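Colleague: Protein sequence lines correspond, in order, to chains A and B. Numbering of the first sequence is given in this note's numbering, commencing with residue 1 and proceeding in unit increments. Numbering of the second sequence is given in this note's numbering, commencing with residue 116 and proceeding in unit increments. Just so you know, even glycine gets a beta-carbon here, dropped at the ideal spot from N, CA and C. None of the values given here were measured: they were computed from a predicted structure.
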Amino acid sequence: DSGVTQTPKHLITATGQRVTLRCSPRSGDLSVYWYQQSLDQGLQFLIQYYNGEERAKGNILERFSAQQFPDLHSELNLSSLELGDSALYFCASSAGTGGWDGELFFGEGSRLTVL
Amino acid sequence: DQQVKQNSPSLSVQEGRISILNCDYTNSMFDYFLWYKKYPAEGPTFLISISSIKDKNEDGRFTVFLNKSAKHLSLHIVPSQPGDSAVYFCAASDLNQFYFGTGTSLTVIP
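And the structure:
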């Protein structure tokens, strides 16, 4: 158990809809990262928050947004969903922001299926 | 632009032999390198890491080698076991974020 909790584990929805994925980081970790893993793809970095502030942005679509709340949990909002958004979405947390601040700990992922 | 590359999508090895997984990176500012292991339907789990000031780090059956001049790192698993069958992701970190490769699927044949 990594200590990172993601909900829901599975989600099936239709094109055009909006969903929210939730992540609770490990106790004490200030950074939350979101990654997308599509079929046969690696881990694509979406966005990072550190202590409530957006820290880094990757290949995140404009239809997607995220935030980190004062209690450090984070939500990833995906809107106007398309078939291609079907993927595993991972949340990870770390104590710092990179380098020797500590490694990433991943949740089990949220599998999104868009029909 | 992929800053961390794993050029071998898959690797098969006999049980008991050595598994060598390779990773290349482009950014000389990376100062910390990690390997993660991922089983199906689970999140990646941290395996081993190495600082840019070292060239080798060992943890049991797992050893990571770093060649900074070649911007190359490798993960050696000796001896390989069937339970090692998983996808292995290489990652590199600077002060700001982590960059992952596309993964190598390792199959250890009993």
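Does the separation of the CB atoms of Gln37(A) and Cys23(A) fall below 8 Å?
Modeller: no
Colleague: Considering only residues of the region 153-207 of chain B, which uninterrupted beta strand (DSSP E) runs meet the minimum length of 3 residues and lie entirely inside it, listed in chain order?
Modeller: 160-166, 171-174, 177-182, 187-192
Colleague: Quick check: is the beta carbon of Ser164(B) nearer than 8 Å to any beta carbon in chain A?
Modeller: yes
Colleague: Go through the region 36-72 of chain A residue by residue and report every complete run of the beta strand (DSSP E) that reaches 3 residues or more, in order.
Modeller: 44-50, 53-57, 64-68
Colleague: Taking Cβ-Cβ distances shorter than 8 Å, what residues in chain A pair up with Leu126(B)?
Modeller: In chain order: nothing, as chain A lies at least about 16 Å away.
Colleague: So the beta strand (DSSP E) Arg111(A) belongs to, where does it begin and stop?
Modeller: 110-114
Colleague: Counting only C-beta atoms, is Thr7(A) closer than 8 Å to chain B at any point?
Modeller: no
Colleague: Please list the terminal residues of the continuous beta strand (DSSP E) segment that includes Phe90(A).
Modeller: 87-94
Colleague: Report all residues from its chain with a CB closer than 7 Å to the CB of Phe161(B); omit the five preceding and five following residues, and keep chain order.
Modeller: Closer than 7 Å at Cβ, skipping near neighbours: Leu149, Tyr151.
Colleague: For Tyr50(A) and Phe69(A), what's the separation of their Cα atoms in angstroms?
Modeller: The C-alpha of Tyr50(A) lies about 10 Å from the C-alpha of Phe69(A).
Colleague: When you compare the CB positions of Asp199(B) and Ser167(B), do they come within less than 8 Å of one another, or not?
Modeller: no
Colleague: Under three-state DSSP, which class holds Leu81(A)?
Modeller: coil
Colleague: For Glu157(B), would you say it is in contact with chain A, using Cβ-to-Cβ distances shorter than 8 Å as the test?
Modeller: yes
Colleague: Between Leu83(A) and Val32(A), is the Cβ-Cβ spacing less than 8 Å?
Modeller: no
Colleague: Would you check if the distance between the CB atom of Leu188(B) and the CB atom of Ser134(B) is smaller than 8 Å?
Modeller: Cβ distance not < 8 Å, so Leu188(B) and Ser134(B) don't count as in contact.
Colleague: Report the CB separation of Asn211(B) from Thr97(A) in whole angstroms; it is logged as a contact under 8 Å.
Modeller: 6 Å
Colleague: Could you list the residues in the region 39-64 of chain A with a C-beta less than 9 Å from some C-beta on chain B, going in chain order?
Modeller: Asp40, Gln41, Gly42, Leu43, Gln44, Phe45, Gln48, Arg55, Ala56, Gly58
Colleague: State the start and end residues of the unbroken beta strand (DSSP E) segment that holds Gln129(B).
Modeller: Unbroken beta strand (DSSP E) run through Gln129(B): 125-129.
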